[in-house]
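Residue numbers (my numbering): 16 to 317.
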């Protein structure tokens, strides 16, 4: 058990948004604990892109440097482990970890990300973040002009088709079953020479996560270099919901422009509160959450 168990702020989650919040609060001389279990959602992604000064670096390399820099601020401490529960206390909140350690804090920041739910397609999970990608701004340049697929249906498929056609003209849409595109969408997609394949997918054949072909349930195949998909997700951490934080219809933690949740004294930042899943946005939202939290604490104390 640690000697120091009482903090002004506890940050749950120590990846990009949590570390960004930690740095801002350390520079504001706040007494902070960052609790992190070391399981970021982009663990198997080989390179991070579209983050200025860090373009092309490994995600874990960026995070390691960030942790090193945050540790330079003496008022910020780290705890390696999983936060399992939190409840309101007399002067703020009480946080419990899986090892039974208990910490108290006046305020909380959740930077806990989301958990992607892999579809029932063999090989999908192994390719996720490598050749099965979700964001053209993060990964599209590396597979520009390549033979590319989209795994989606309905409005999501139409939006992807509009967007990805900027990066490649060799594009095929896989609806993994009967298409739910409307007639207007179908006409626009075919007008741009994007084929629509409605066959059910059995598996992705790959080499070390690099897809080389789709295998359908009828045993036919389709070769490609990369495929865009956006699987379902759930909150990686259920504690905010237990505290009463509202979720949006999409399952994200509901926050205002200042990253405040619907529970007083609780903030959220990063992927758990935004559909814009990019390292740069996670960092920015962490900075906003920390600045707004510190500003509120300053007003309360003055």
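Each residue gets a CB set at the ideal place from its N, CA and C atoms; glycine is no exception. Since the structure is predicted, the reported quantities are computational estimates derived from the model, not experimental observations.
| Do the stretch 68-79 and the stretch 101-120 meet, that is, are 3 or more Cβ pairs less than 8 Å apart? | no
### Cβ neighbour criterion (16 or more within 10 Å) applied to residue 84
For this step, residue 84 is matched to residue 69 along the chain shown. Result: exposed.
TODO: Return the chain-ordered list of same chain residues with a C-beta closer than 8 Å to the C-beta of residue 262, the five sequence neighbours on each side being excluded.
DONE: In the chain shown, residue 262 corresponds to position 247, counting from 1. Taken in chain order, the residues that qualify are 250, 256, 268 and 269.
Taking C-beta to C-beta, are residue 308 and residue 101 nearer than 8 Å? Start at 1 with the first residue of the chain shown, and residue 308 comes out as number 293. Start at 1 with the first residue of the chain shown, and residue 101 comes out as number 86. No.
> From what residue to what residue does the alpha helix (DSSP H) around residue 139 run?
Replying inline: Start at 1 with the first residue of the chain shown, and residue 139 comes out as number 124. Taken as a continuous stretch (DSSP letters only), the alpha helix (DSSP H) holding residue 139 covers 139-142.
Going by beta carbon distance, what residues of the same chain come within less than 8 Å of residue 16, once the five residues before and after it are set aside? Locating residue 16 in the chain shown gives position 1, counting from the first residue. At residue 16, the pLDDT of 44 sits below 50, so the modelled position is not reliable and the matter cannot be decided from this model.
Practice task
Return the first residue and the last residue of the beta strand (DSSP E) that residue 163 is part of.
Solution key: Here residue 163 corresponds to residue number 148 of the chain shown, with the count starting at 1. Looking at the DSSP string, the run of the beta strand (DSSP E) that includes residue 163 is 163-166.
Sequence-distant residues of the same chain with beta carbon closer than 7 Å to residue 278, five excluded per side
Locating residue 278 in the chain shown gives position 263, counting from the first residue. Answer for residue 278: 258, 259 and 260, listed in chain order.
Identify the continuous alpha helix (DSSP H) that holds residue 171 and give its terminal residues. On the chain shown, residue 171 is found 156 positions in, with the first residue counted as 1. Taken as a continuous stretch (DSSP letters only), the alpha helix (DSSP H) holding residue 171 covers 169-179.
*Under the assumption that residue 319 contacts residue 110 (Cβ atoms under 8 Å), give the Cβ distance between them as a whole number of angstroms.*
Examination of residue 319 is not possible in this model, given that the chain is present from 16 through 317 alone.
| query | How do the stretch 286-295 and the stretch 134-142 stand: do at least 3 beta-carbon pairs fall below 8 Å, yes or no? | reply | no
May I ask you to verify whether the stretch 152-162 touches the stretch 181-192, counting CB pairs closer than 8 Å and requiring at least 3?
-> yes
First and last residue of the uninterrupted alpha helix (DSSP H) at residue 200: The residue you call residue 200 lines up with position 185 of the chain shown. From DSSP, the alpha helix (DSSP H) with residue 200 extends over 198-206.
Can you tell me where the alpha helix (DSSP H) holding residue 222 begins and where it ends? Taking the chain shown and counting its residues from 1, the one referred to as residue 222 is at position 207. No alpha helix (DSSP H) contains residue 222, which is instead part of the beta strand (DSSP E) from 216-222.
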